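Engineer: Residue numbers (UniProt numbering), protein chains in the order written: chain A, 1 to 408; chain E, 1 to 408.
Glycine included, C-beta positions come from ideal geometry on N, C-alpha and C.
Nothing here was measured: the structure is a model prediction, and the numbers come from that model.
#1: Please determine if the region 361-369 of chain E and the region 383-395 of chain E are in contact, where contact requires at least 3 C-beta pairs separated by less than 8 Å.
#2: At the level of alpha carbons, what is the spacing between residue 55/E and residue 148/E?
#3: What in chain E is Cβ-close to residue 16/A, meaning under 8 Å?
#4: What residues in its chain sit with their C-beta under 7 Å from that of residue 144/E, if we drop five residues either side in the sequence?
#5: Label residue 408/A either buried or exposed according to how many other C-beta atoms from any shown protein chain fall within 10 Å of its C-beta, with 16 as the threshold for buried.
#6: Would you kindly check if the distance between the Cβ of residue 198/E and the Cβ of residue 2/E is under 9 Å?
#7: Looking at the C-beta of residue 64/A, does it have a partner C-beta in chain E at a distance below 9 Å?
#8: If you run the structure through DSSP and keep just helix, strand and coil, what is residue 355/A?
#9: Within the region 149-178 of chain A, note down every full beta strand (DSSP E) run reaching 3 residues or more, in order along the chain.
#10: From the DSSP output, in three-state form, read off residue 86/A for me.
#11: Starting from residue 280/A, trace the alpha helix (DSSP H) in both directions and tell me its first and last residue.
#12: Which residues, in chain order, does the region 131-160 of chain A contribute to contact with chain E at a C-beta distance below 7 Å?
#13: With residue 275/A and residue 328/A assumed to form a contact (beta carbons below 8 Å), what rounded beta-carbon distance in angstroms separates them?
#14: Roughly how many whole angstroms lie between the Cα atoms of residue 399/A and residue 11/A?
#15: Let me make sure I understand the geometry here. Which of 213/A, 92/A, 33/A and 6/A has the alpha-carbon closest to that of residue 127/A?
#16: Smallest Cα separation from residue 265/A: which of 322/A, 52/A and 88/A?
#17: Along the chain, which unbroken stretches of the beta strand (DSSP E) at least 3 residues long are found entirely within the region 24-63 of chain A?
#18: Check the C-beta distance from residue 378/A over to residue 347/A and give it rounded, since I have them as a contact under 8 Å.
#19: If you drop the 5 nearest sequence neighbours on each side, which residues of the same chain put their C-beta closer than 6 Å to that of residue 374/A?
#20: Measuring only between beta-carbons, confirm whether residue 380/E sits less than 9 Å from chain A.
#21: Just the chain A side, please: which residues come within less than 7 Å of residue 104/E by C-beta, in chain order?
#22: Going along the region 68-85 of chain A in order, which residues come within less than 9 Å of chain E, judged by CB to CB distance?
#23: What residue range does the alpha helix (DSSP H) around residue 317/A cover?
#24: Looking at chain E, is there any beta carbon in it that lies within less than 9 Å of the beta carbon of residue 125/A?
#25: Exposed or buried, what is residue 242/A when buried is set at 16 or more other beta-carbons lying within 10 Å of its beta-carbon?
#26: Check whether chain A comes within 9 Å of residue 292/E, counting only Cβ atoms and requiring the distance to be less than that.
#27: Could you work out which residues of chain E lie near residue 99/A, taking near to mean beta carbons separated by less than 8 Å?
#28: Work out the CA separation of residue 26/A and residue 222/A for me, nearest whole Å.
#29: Along chain E, which residues have their Cβ under 7 Å away from the Cβ of residue 94/A?
#30: Could you tell me whether any Cβ in chain A is nearer than 9 Å to the Cβ of residue 203/E?
#31: Does the beta-carbon distance from residue 119/A to residue 146/A come in below 9 Å?
#32: Give the range of the beta strand (DSSP E) segment to which residue 410/A is assigned.
#33: Around the C-beta of residue 297/A, are 16 or more other C-beta atoms found within 10 angstroms, so that it is buried, or is it exposed?
#34: Taking the alpha helix (DSSP H) that residue 144/A belongs to, which residues open and close that run?
#35: What separation, rounded to the nearest whole angstrom, lies between the Cα atoms of residue 277/E and residue 343/E?
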C-alpha cells in the first residue's frame with residue numbers, strides 16, 4: 001500500500017508484445033493496492049540506430065543535438081507503453097523527462113540531475129493514472145533536452161523514487177538479480193538476496209554491470225530501497241538497501257572483474273616532492289580518471305610510478321605522460337593494455353582478518369601473478385594479466401565459498 | 001537581404017545524403033545574404049513506421065499519446081539536419097515545436113495554432129545561427145506536445161514566416177511547383193509561375209495535393225509570399241501570392257480532380273420547410289462535412305435531396321440518413337460511391353462569360369454525364385462517374401488550352 005517505481009529496460013520494452021507483459025505486471029502491482037510509477041528506456045536497438053544516424057551525419061556530432069536525437073527513443077517507449085496500458089484497462093499517461101520534472105545541469109550527453117519537481121507525476125497518481133516517465137532524459141534551465149549518460153534510466157527511476165518518497169524502486173532487467181559473480185564466468189554463482197548500498201556501489205564500480213554506480217549512490221543518499229529483478233521470470237530478485245546494524249555482515253559478497261584497464265608506467269622519476277602532483281594534475285585537466293597508483297621504492301634517488309586508467313583513455317594518457325617527461329625529469333613512459341582488475345567486495349572484511357591473505361594465496365596457487373594491489377574498507381582489487389581474468393574470478397569465488405549461502 | 005523560411009518535406013530529408021543537399025542549399029541562401037530559418041518534416045517513412053507501432057499497441061490509440069509518438073519523427077530530423085549543417089560550417093541549432101514557440105489548442109492530432117512566440121528563433125537568427133525547427137508539432141497551454149494534422153509542416157513554415165515577418169516562405173517538395181493539372185494524368189500540364197492565394201486555396205480544397213488548404217489560408221491571412229519548388233532540381237517554382245490588381249487574371253488556372261467523394265440521396269422527402277435543417281443538423285453533429293447539396297424539383301409535394309461527403313464518411317452518413325427517414329417522412333436513402341469531382345479553378349472566370357458552358361460542352365463531347373454541379377466565384381465543380389476522372393481532366397485541360405502560357 002504505497003508508491004512503487006518500476007523501471008523497465010530496453011529489452012523489457014523491446015517489442016509491443018513485451019510491453020504487454022510490462023502492462024500485465026503493472027496491473028498486478030496495482031491490484032495489490034500499490035500506486036505505480038513506470039520509468040522506461042528506449043526500445044532495444046533504438047539508441048544504436050539513432051547513434052548510427054548521428055555518426056553518418058557528423059563524425060563528431062555536437063552534444064546538444066545528440067541529446068535531442070537520443071531523447072526521442074524514450075519518447076517512443078512512453079507513448080507506446082501508455083497506449084498498451086490503456087488496452088489493459090489501466091489509465092496511463094506518458095510524461096517526458098521535462099514533463100516529469102527532471103531538471104538537470106547543462107552537461108549534454110552526461111547531465112547530472114539538479115532537482116526533481118514531479119508535480120505532474122503526483123497529479124497523475126492522485127487521479128488514479130499510471131504515469132509512464134521517460135528515463136535517461138531531463139531538461140536544463142534553458143529549456144533544452146539533456147540526457148543522463150549510461151545507466152541514466154536507472155538513475156531516473158531511483159531519483160523519482162526519492163522525490164516521491166516511494167516505498168520501493170524496482171529495476172526490471174534481463175537478469176534476475178545481483179550475483180556473487182558473473183554467471184557467464186562462474187556457473188555456480190549465486191543470486192544475492194540482499195546487498196548493502198556500499199557493497200553494490202563497489203561492485204558496480206569494479207565491473208558488475210547490473211546497476212550503474214550513479215544510481216546506487218543516489219539510492220544510498222536518499223535511502224531508497226532498490227530491488228533488481230527480471231521482467232521475464234518471477235522471483236524476488238536482489239534487494240539493495242542499507243546494512244542492518246544488528247546483523248553480522250557477510251565477509252565477501254561477490255567477485256567482479258573489469259578488462260577496461262590499462263597501466264602506464266613512468267620510469268626513472270626523480271624521487272622529489274611535487275612530482276606526482278605535477279603528473280596527475282596534468283592528466284586530471286584532460287578529464288582522465290586515474291584509478292590505482294603505485295610508486296616503487298626509490299633506488300639511487302630514482303623511482304618508477306605506475307597507474308591505471310580506462311583502456312579507452314590509454315593512448316591519450318601515454319601521450320600526456322611522454323610530454324611530461326622533460327618536465328618531470330623522468331626517462332621513459334610505457335603502456336601495458338593486456339591487464340584486468342579482479343576484485344572481491346564485502347562489508348564484513350572490515351572486521352575479519354586474513355581476507356587479503358586468503359585472496360593472494362588463492363591466486364598464487366594458480367600461479368597468477370599480481371601486478372598491482374588496491375584496497376579499501378570493503379574491497380580488495382588485484383591487477384593481473386588479462387588472460388587470467390576468468391580463472392582468477394573462479395578461483396576467488398571458490399576460495400570464499402560464494403556458491404554457498406553465507407553463514408551470518 | 002531578409003529572412004527566408006525554407007521548409008523541407010519528408011523525401012527532402014529522407015536520408016543523411018539528402019540532408020547534405022538541404023544543407024548545401026541553406027548555405028547558398030545564406031551566402032546570398034539572407035537569414036534562413038529551416039523547418040523540416042519527419043524522414044520519409046518514419047511517420048508510417050511509428051503509426052504502425054501505435055496500431056500494434058492499440059486498435060484505437062489515444063490521441064495524446066499518438067502526438068507524443070509522432071512528434072519524435074520531426075525531432076530526429078531537426079537534430080540530424082542541425083548536425084549536417086554544422087558539417088557545412090553553418091552554425092545551426094535544432095528547436096522542437098515547443099522551443100520554436102508554436103502554441104496550439106488542445107485538439108490532439110489536429111491541433112490549431114493559437115499563437116507563435118518565436119523568441120528562440122529570433123535569438124538564433126540574431127546570433128548568426130540557423131534555427132532548424134520541427135514542423136507539424138506544437139505545444140498546448142498544459143505543456144503537452146500536439147500535432148497539426150496532415151500538411152502540418154507546411155503550416156508551421158507559413159506561420160513562422162508570418163510571425164517573423166519573413167520576406168519569403170519556400171516550400172521544398174518532390175515536385176517543382178504547382179501545375180495546371182496533375183502531370184500523371186495530363187502529361188502536357190504546365191507549371192504555373194504564379195497563382196493567387198484564392199486560386200491555390202480552391203485547388204488545394206478540390207484535390208491538388210502540393211499544398212494543404214490550411215497553409216494557404218494562413219499565408220493569405222498574413223500576406224506571406226509562398227514559393228513551392230523542388231529540392232531535387234533548380235527552378236523558380238510557383239509563387240503563391242496576392243493577385244496583382246492591375247493585371248487581367250487568367251480565366252482558368254488549373255484543373256483538379258478528387259475521388260474521395262460519395263453521394264447520399266434521400267428519396268421521397270416531403271417538400272416542407274425545416275426538412276433540410278433537420279437532416280444536415282444531424283450530420284453536422286457527427287462532425288461530417290457535407291460538400292455539395294442538390295434538391296430536385298418537387299413532384300406532387302415530394303422531392304429528392306442529394307449531397308456529397310468524403311468517401312470515408314459515407315457509411316456513417318448513410319446510417320444517419322436512414323435513422324432520419326421516419327423523422328423526415330422520407331421513403332428511402334441510397335449511397336453512390338463510384339463518383340469523382342472534377343473542377344476548374346481561375347480568378348478570371350468572374351469576369352468572363354461562358355466558362356461554365358465551355359466546361360459542360362467539353363464533357364458532353366466525350367459523353368461524360370454530369371451528376372451534380374457546384375460553382376463559386378472562382379471555380380466550377382462537376383461530379384461525374386469516377387471511371388471518367390482522368391478523361392474529364394484531360395478534356396478540360398485541353399478545352400481551356402492550359403498547356404499554353406496564359407495570354408493576359
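Structural biologist: Let's see:
#1: yes
#2: 20 Å
#3: 53, 56 and 57
#4: 64
#5: Per-residue confidence for residue 408/A stands at a pLDDT of 46, beneath the threshold of 50, marking its modelled position as unreliable; the derived number appears in the next sentence. Exposed, because fewer than 16 other Cβ atoms sit within 10 Å of the Cβ of residue 408/A.
#6: no
#7: yes
#8: helix
#9: The qualifying runs are 168-173.
#10: Taken through DSSP and simplified to helix, strand or coil, residue 86/A comes out as helix.
#11: That run of the alpha helix (DSSP H) goes 275-285.
#12: 143
#13: 6 Å
#14: 35 Å
#15: Checked all of 213/A, 92/A, 33/A and 6/A; the closest Cα to residue 127/A is 92/A.
#16: 322/A
#17: 35-40
#18: Confirmed, about 5 Å.
#19: 292 and 381
#20: no
#21: Within chain A, no residue comes near residue 104/E; the closest Cβ sits about 16 Å away, beyond 7 Å.
#22: Hits within the stretch, in order: 68, 69, 70, 71, 72, 73, 75, 76, 78, 79, 80, 81, 82, 83 and 84.
#23: 314-328
#24: No, residue 125/A does not count as interfacial toward chain E.
#25: Its Cβ having fewer than 16 others within 10 Å, residue 242/A is exposed.
#26: no
#27: Those are 143 and 144, listed as they occur along chain E.
#28: 24 Å
#29: 65 and 68
#30: no
#31: no
#32: Given a span of 1 to 408 for chain A in the structure shown, any question on residue 410/A remains unanswerable.
#33: exposed
#34: First-last for residue 144/A: undefined, no H or E at that position.
#35: 27 Å
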